[in-house]
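Structure first, commentary second.
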Amino acid sequence: EIDPRTFSERVSAEWERVFMAADLPGTCRVAMRISIVLGRGGALPVLLRLARLGLGGAHRDGWWPALPWRVAAGTHLPPLTRGGRQKFSWIHLDDFIGVVRFLRGHPEIDGPLNLATPVASDDRELMRVVRRTVGAPFGLPTFRWMLELGGLVLGTEAELLIKSRWVVPARLLEAGYEFRWTDLEAAVRSAWR
245 EIDPRTFSER VSAEWERVFM AADLPGTCRV AMRISIVLGR GGALPVLLRL
295 ARLGLGGAHR DGWWPALPWR VAAGTHLPPL TRGGRQKFSW IHLDDFIGVV
345 RFLRGHPEID GPLNLATPVA SDDRELMRVV RRTVGAPFGL PTFRWMLELG
395 GLVLGTEAEL LIKSRWVVPA RLLEAGYEFR WTDLEAAVRS AWR
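Start counting the sequence shown at 245; every next residue gets the next number (the working numbering).
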């Protein structure tokens, strides 16, 4: 169940409600709740480049002005004090594809489904792995103001790195899906090659 406290959670909850509302007999509908996908594209190459430049430390929250348009849209996130301990749920691209194939053979699975490896990490561990992968001896922390400005340039939300996301793929595990990638370092190295 999604606890709709932040903008992304409210959007997800409303999208799932509308997606499941229609009566479609004989149609299997799976609302895939996809965690951060580790692959050659997406956020990982950006994190690897930043780590090479010395910005491979934990993502730290802090004050950011409550801009009127963000407050009106519900996207303003008040400061959280996790200091890099926010949970980071992820799935390797190979497992994402594996889950989609698995679902084609299991029409009994429907409704919301969490796509994340069973082993969550935290932000500090993620960034430690990223630094080791690129051979960076240290990493300065990335503060919220940097994330917010970067988000404006890239058209994304700082919330994705600041907010803790701990997703458990309980239904997938119960259905018998076996994850190929559960070790974060091996997954990052695989995607980096």
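Glycine is no exception: its CB is placed at the ideal position from the N, C-alpha and C atoms.
As the structure is a computational prediction, the values presented were derived from the model and not from experiment.
Taking 9 Å as the cut-off, the Cβ atoms of Ile335 and Ile278 count as close.
With a threshold of 16 other beta carbon atoms within 10 Å, Asp427 falls short and is exposed.
In the displayed model, Val412 falls within coil according to three-state DSSP, outside both helix and strand.
Rounded to whole angstroms, the gap between the alpha carbons of Glu401 and Leu299 is 18 Å. DSSP, read as helix, strand or coil, puts Gly286 in coil.
Annotation: the continuous alpha helix (DSSP H) that includes Trp389 extends over 388–398. Separation of Phe382 and Pro323 (C-alpha to C-alpha, rounded to the nearest whole angstrom) is 25 Å. At the C-beta level, Trp436 and Asp338 stay beyond 9 Å of one another. Excluding its 5 nearest sequence neighbours in each direction, Val374 has C-beta neighbours in its own chain below 7 Å: Leu291, Leu292, Ala295, Gly300, Val432, listed in chain order. Note that the C-beta distance between Leu357 and Leu416 is below 9 Å. For Leu357, there is no enclosing alpha helix (DSSP H); the enclosing beta strand (DSSP E) has its first and last residue at 355–359. Phe340 is positioned such that its CB atom lies no closer than 9 Å to that of Leu370. Secondary structure at Asp366: strand, using DSSP grouped into helix, strand and coil. Note on Phe332: 16 or more other CB atoms within 10 angstroms of its CB, so buried under the neighbour-count rule.
Cβ-Cβ distances below 6 Å link Phe251 to Gly318, Thr319 in the same chain, with the five nearest sequence neighbours on each side left out; the list follows chain order.
The residue among Cys272, Pro385, Pro289, Glu352 with its C-alpha nearest the C-alpha of Gly306 is Pro385.
Counting of Cβ neighbours within 10 angstroms places Val411 among the buried residues, the total reaching 16 or more. Taking 9 Å as the cut-off, the Cβ atoms of Pro289 and Thr361 do not count as close.
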